[in-house]
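**Q**
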Amino acid sequence: MTRGVSILGSTGSVGAATLDVVLSQKETHHIDTLTAHNNVALLADQAKKSNAKRAVIGNESLYQELRSALAGTKTDVAAGRTALLDAAKDAPDYTMAAIVGMAGLELLLAAITRGKCVAIANKEPLVAAGPLVMQAAQKSGATLLPVDSEHNAVFQVLDQSQKHMVQKIILTASGGPFRNWTVEQMEAATPEQALAHPNWNMGPKISIDSATMTNKALEVIEAHHFFGLPPEKIEVVVHPQSVIHSMVEYTDGSVLAQMGASDMRIPITHTLGWPNRLNGPAQRIDFKKISALTFEEVDDRRFPAIKFAYDCIKQGPSASIALNAANEVAVSEFLAGRIGFTEIFAITRSIVENGKEQAGDGLEAILAYDELMRTKAKACILERNSSSDSPPKRKVL
Ligand SMILES: NC(=O)c1ccc[n+]([C@@H]2O[C@H](COP(=O)([O-])OP(=O)(O)OC[C@H]3O[C@@H](n4cnc5c(N)ncnc54)[C@H](OP(=O)(O)O)[C@@H]3O)[C@@H](O)[C@H]2O)c1
138 MTRGVSILGS TGSVGAATLD VVLSQKETHH IDTLTAHNNV ALLADQAKKS
188 NAKRAVIGNE SLYQELRSAL AGTKTDVAAG RTALLDAAKD APDYTMAAIV
238 GMAGLELLLA AITRGKCVAI ANKEPLVAAG PLVMQAAQKS GATLLPVDSE
288 HNAVFQVLDQ SQKHMVQKII LTASGGPFRN WTVEQMEAAT PEQALAHPNW
338 NMGPKISIDS ATMTNKALEV IEAHHFFGLP PEKIEVVVHP QSVIHSMVEY
388 TDGSVLAQMG ASDMRIPITH TLGWPNRLNG PAQRIDFKKI SALTFEEVDD
438 RRFPAIKFAY DCIKQGPSAS IALNAANEVA VSEFLAGRIG FTEIFAITRS
488 IVENGKEQAG DGLEAILAYD ELMRTKAKAC ILERNSSSDS PPKRKVL
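Start counting at 1 in the sequence shown, then tack on 137, and there's your number in the working numbering.
#1: Taking 8 Å as the threshold (beta carbon to beta carbon), is T309 in contact with chain B?
#2: Does G152 pass the burial test, meaning 16 or more other C-beta atoms within 10 Å, or should it be called exposed?
#3: Report the CB separation of I343 from N352 in whole angstroms; it is logged as a contact under 8 Å.
#4: Between which two residues does the beta strand (DSSP E) containing D436 stretch?
#5: Quick one: what does DSSP say G141 is sitting in, helix, strand or coil?
#6: Give me the residue from L509, S457, N188 with the minimum Cα distance to H166.
#7: CB H362 to CB P368, shorter than 8 Å?
#8: Would you kindly report the start and end of the unbroken beta strand (DSSP E) that includes S383?
#9: Going by C-alpha distance, which of A331, L282, S399 is nearest Q378?
#10: Using the three-state DSSP reduction, which class does L282 fall into: helix, strand or coil?
#11: In three-state DSSP terms, what is M323?
#12: Quick check on R204: does DSSP put it in helix, strand or coil?
#13: Which runs of the alpha helix (DSSP H) spanning at least 4 residues fall entirely within the stretch 176 to 225, listed in chain order?
#14: So, under 8 Å CB-CB, V237 and N259 are touching, yes? Tell me the CB distance rounded to an integer number of Å.
#15: Can you check DSSP and say which residues form a bridge with H166?
#16: Helix, strand or coil: which one does DSSP assign to E372?
#17: If you follow the alpha helix (DSSP H) that F271 is in, where does it begin and where does it stop?
#18: What number of angstroms, rounded off, separates the C-alpha of L332 from the C-alpha of A348?
#19: Can you find the residues in the same chain that come closer than 6 Å, C-beta to C-beta, to F432, ignoring five residues on each side of it along the sequence?
#20: Under 8 Å, do A394 and V294 count as touching if we go by C-beta distance?
#21: How long is the line joining the alpha carbons of L281 and S523, rounded to whole angstroms?
#22: Quick check: what's the CA-CA separation for A505 versus L460?
#23: Just curious, the alpha helix (DSSP H) that L295 is in, first and last residue?
#24: With the cut-off set at 8 Å, would you say F445 and R486 are in Cβ contact?
#25: What first and last residue would you give for the alpha helix (DSSP H) that runs through K353?
#26: Looking at the strands, I want to know which residues DSSP matches up with M396.
#27: Taking DSSP as the reference, what is the three-state secondary structure of K513?
#28: Any chance the CB of V435 is under 7 Å from a heavy atom of ligand 1?
#29: Can you tell me whether I427 is buried or exposed? The criterion is at least 16 other CB atoms within 10 Å of its CB, across all chains shown.
#30: I'd like the list of long-range same chain contacts for P229, defined as Cβ closer than 6 Å, with 5 residues on each side in sequence excluded.
#31: Drop a sphere of 10 angstroms on the beta-carbon of L171, count the other beta-carbons inside from all chains shown, and report buried for 16 or more, exposed for fewer.
#32: Terminal residues of the continuous beta strand (DSSP E) containing V539?
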């Protein structure tokens, strides 16, 4: 018997890397379900390559196309949001949650209800609905495993029996493509420049989040919920080489770090094998070729998002929902050429700061608040762009 694997978001950067890892473990693992939103061609290709039991495309209008592409194979085909939810609920031994954004929240919760292993790359649901996700896992008995390289690093070196002796966790940040840029340079940054991450090859949304360092802001909130640590025990340090993926400092002064190449297949392989280790296909570090490991403080003036994340945690859950929702909208508007790079955070902050309403508890209330904040962010962008002194000025990607 081999272990079944579902990949929610298999056509994305993390999803494709997960498939690569699973295919390298054919003796012990098989693909159960693969899902995508629009990319029929890659989904069909992946399903054929892995003999997937099921392939689901979120966009219902693409059902026939997927069916034709998989005609003559044993893969069951389905389409639409309900089919995605059904597939997620039917979680096999291991599910990789690799959808981007809040669109993944309901699917993540559906996978958790089955009480199996759920590896979480999709950080936005943890940011906006951390307590809900953690409580769902407690209720079903599901094992949640962090895939984000920083959280996976902390998970690997955090001795659960000594958690009370943790002084702090230290999340490392590469600093992104604009680490040495001035604010003036960032104001004129194009999507192409912002997408060009120096160390990691990732999907567009997280690449832009890395350039604004909002990715680290989201990760602080993610760590707060995932590890149950107060914000004062979570620190961020810039480490441009991305060799140390994060650290845990204990009260005796010992600091434990996890290191590895900038290759998401390392945390993915770790979660797939957990609690054991597997032979993985990831790149290896050659320490002889690394001349220095350096560390810097975050410059809050040029990258204000991280400090703002701490304020959001203090303000309560509504602020984190608003931060995530407004940021998702602003990133997509930047990629579409409708706002400038530094406006991403400016808009996000104004939505959080002007969010007078409070979100209720529970999934429906969180989704409703998320939607409200998106509507406000879109309205704010329309208003900025219609005023003569702030015209849309960016080139479309
Ligand atoms: N990339 C990394 O190295 C990395 C590292 C750490 C954490 N993460 C986190 O992992 C998540 C995925 O990142 P990524 O870079 O892999 O993203 P990505 O390359 O953009 O892939 C996103 C995946 O989600 C699917 N998707 C998009 N919208 C959807 C919707 N509304 N409903 C259902 N599926 C949808 C996409 O399908 P289509 O292809 O059909 O559009 C694709 O399979 C993010 O939360 C990110 O922050 C990523």
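Ideal Cβ positions, reconstructed from N, Cα and C, are used throughout, including at glycine.
The model shown is predicted, which means the values in this text are computed figures rather than measured ones.
**A** Taking the geometry as given:
#1: In summary, chain B is missing from the structure at hand, where a single protein chain is found.
#2: buried
#3: 6 Å
#4: Premise fails: D436 is in no beta strand (DSSP E) and is neither H nor E.
#5: strand
#6: N188
#7: no
#8: 381 to 387
#9: S399
#10: DSSP places L282 in strand when its eight states are reduced to three.
#11: helix
#12: Residue state, collapsed to three classes: helix.
#13: 177 to 187, 200 to 206
#14: 7 Å
#15: According to DSSP, H166 bridges with R140.
#16: Strand, per DSSP.
#17: Per the sequence presented here, residue 271 reads as Met, with Phe not at that position. That run of the alpha helix (DSSP H) goes 261 to 277.
#18: 8 Å
#19: Within the same chain, and ignoring the five residues on either side of F432 in sequence, the residues whose Cβ sits closer than 6 Å to its Cβ are V374, H376.
#20: Contact: yes.
#21: 45 Å
#22: 14 Å
#23: Looking at the DSSP string, L295 is not in any alpha helix (DSSP H), and its letter there is neither H nor E.
#24: yes
#25: 351 to 364
#26: I381
#27: If DSSP states are grouped into helix, strand and coil, K513 belongs with the helices.
#28: Between ligand 1 and the CB of V435, the shortest heavy atom gap is not smaller than 7 Å.
#29: exposed
#30: Only G141, S143, D169 meet the Cβ criterion.
#31: buried
#32: Outside the shown range of the chain (138 to 534) lies residue 539, about which nothing can therefore be said.
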